[in-house]
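Colleague: Below: one structure in structure tokens.
Numbering (the UniProt record's numbering), first residue to last: 1 to 139.
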């Protein structure tokens with residue numbers, strides 16, 4: 001299991017190799033960004049909060065606070081937002097993974113939410129211990 005890392009502007013010091021969102025926009029082709037964002041939104045929400053978070057470029061609180069998973073990766077709603085709004089760069093391994101899942105017509109109904117929540121909390125514990133290996137840094 002891997003997590004998509006935060007972007008540098010998110011001021012989240014948990015990942016040493018974060019890339020700058022503002023320097024990595026308009027990277028994905030429009031159709032690829034739509035395809036990836038649609039895939040990500042079709043996966044399982046494993047946690048959510050009532051408040052929105054700010055888009056780090058516009059400072060508007062327009063992003064729902066949710067954590068998603070497809071059984072192999074975890075990501076925040078901000079990743080989906082930045083892909084849709086800015087066609088932001090994402091880790092290459094994740095991009096390839098998504099393409100394969102779409103091609104294979106992966107069945108998200110087979111995912112076990114409780115197991116994913118447990119796995120996510122386990123990864124968060126590793127992050128709290130300073131382990132960088134939980135993040136996909138294949139940019």
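The beta carbon of each residue, even a glycine, is placed where N, CA and C say it ideally should be.
Treat the numbers as computed from the prediction; the structure is a model and nothing was measured.
Taking the alpha carbon of residue 48 as the reference point, which residue from 60, 68, 134 and 34 has its own alpha carbon closest?
Modeller: Nearest of 60, 68, 134 and 34 to residue 48, Cα basis: 68.
Colleague: Just confirm the distance between the C-beta atoms of residue 25 and residue 7, as a whole number of angstroms; I'd bet it's less than 8 angstroms.
Modeller: So it is not a contact: roughly 10 angstroms between Cβ atoms.
Colleague: What does the alpha-carbon distance come out to for the pair residue 34 and residue 40?
Modeller: Rounded to the nearest angstrom, the two C-alpha atoms are 10 angstroms apart.
Colleague: Closer than 8 angstroms by C-beta to residue 113: which residues in its own chain qualify, once you throw out the five before and the five after it? Chain order, please.
Modeller: Hits under 8 angstroms: 44 and 46.
Colleague: Roughly how many angstroms separate the alpha carbons of residue 32 and residue 82, rounded to a whole number?
Modeller: One C-alpha to the other measures close to 13 angstroms.
Colleague: Considering only C-alpha positions, which residue in the set 62, 42, 59 and 65 is nearest to residue 107?
Modeller: Ranking the options by Cα distance to residue 107, first place goes to 42.
Colleague: Apart from the five residues on each side of it in sequence, which residues of its chain come closer than 6 angstroms, Cβ to Cβ, to residue 93?
Modeller: Counting only Cβ-Cβ distances below 6 angstroms, and skipping sequence neighbours, we find 136 and 138.
Colleague: Could you name the residues of the same chain whose beta carbon sits closer than 6 angstroms to that of residue 71, not counting the 5 residues immediately before and after it, in chain order?
Modeller: 111.
Colleague: Just mark residue 29 as buried or exposed, buried being the case when its beta carbon has 16 or more other beta carbons within 10 Å.
Modeller: It is exposed - the Cβ of residue 29 has fewer than 16 other Cβ atoms within 10 Å.
Colleague: Give the secondary structure of residue 3 by DSSP, where H, G and I count as helix, E and B as strand, and everything else as coil.
Modeller: Residue 3 falls in the strand class under three-state DSSP.
Colleague: Under the assumption that residue 14 contacts residue 98 (Cβ atoms under 8 angstroms), give the Cβ distance between them as a whole number of angstroms.
Modeller: About 23 angstroms separates the two Cβ atoms, so there is no contact after all.
Colleague: Quick check on residue 50: buried or exposed, where buried means 16 or more other Cβ atoms within 10 Å of its Cβ?
Modeller: Label assigned to residue 50: exposed.
Colleague: Closest to residue 37 by CA distance: which of 117, 119, 75 and 132 is it?
Modeller: That would be 75, whose Cα lies nearest to the Cα of residue 37.
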